[in-house]
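Please read the structure below before turning to the comments.
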Amino acid sequence: MVSSFERVLPEVEDTEALGRELAGELAAGDLVILDGPLGVGKTALTRGIAAGLGVVGRVSSPTFIIAREHRPGETGGPGLVHVDAYRLGGLDELDALDLDTDLEDCVVVVEWGEGVAERLADRHLMVRLRRAEGTDVRTVTWEWVDGA
513 MVSSFERVLP EVEDTEALGR ELAGELAAGD LVILDGPLGV GKTALTRGIA
563 AGLGVVGRVS SPTFIIAREH RPGETGGPGL VHVDAYRLGG LDELDALDLD
613 TDLEDCVVVV EWGEGVAERL ADRHLMVRLR RAEGTDVRTV TWEWVDGA
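Numbering (my numbering), first residue to last: 513 to 660.
Written as structure tokens, this is what we have:
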């Protein structure tokens with residue numbers, strides 16, 4: 513049985529707070545795939561996840577460098593690998609990042625990863641962010657999805 517959750521996020525701070533909350537469900541080896549249009553809050557959600565995990569370093573969009581690694585903090589939790597798959601040309605380029613190895617010790621968050629990153633793990637947390645037309649209010653849905 514798959515449980516799906518939904519929440520309205522009026523402010524960026526609400527998006528980051530949800531990320532901190534989701535971090536409580538995550539452990540090393542977990543894959544999070546973020547889907548949504550440009551500017552909807554994927555990186556803000558990742559900032560919240562990073563804060564909840566207690567990792568080291570400022571979280572910003574990895575668009576131009578493709579992937580950023582954040583070491584575990586003093587809390588002893590897992591590290592975080594933040595990937596932007598938007599510019600990747602396909603599965604070969606994703607494989608070249610060697611994320612399978614990172615999954616052993618880290619939580620891996622992949623923006624724009626739907627349809628590409630699912631095969632990295634047996635299950636993943638699928639998070640879809642949408643913005644209400646003409647507003648900054650976002651709606652997010654999330655669910656754990658088992659691999660096929």
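Glycine residues also receive a C-beta, built at the ideal position from the N, C-alpha and C atoms.
Query, Result
"For G646 and V567, the rounded distance between their alpha carbons", "35 Å"
"Residue from G659, V657, G589, L641 with nearest C-alpha to L521", "L641"
"Residue span of the beta strand (DSSP E) that contains E518, given as start and end", "516-521"
"Same chain only: Cβ atoms within 8 Å of D634, ignoring 5 sequence neighbours per side", "D658, G659"
"Contact check, L565 vs A539, beta carbons under 7 Å", "no"
"Beta-carbon proximity check, G531 vs G560, cutoff 7 Å", "yes"
"Start and end residues, beta strand (DSSP E) containing V706", "This structure does not reach residue 706, given that the chain is present from 513 up to 660, and the question cannot be answered."
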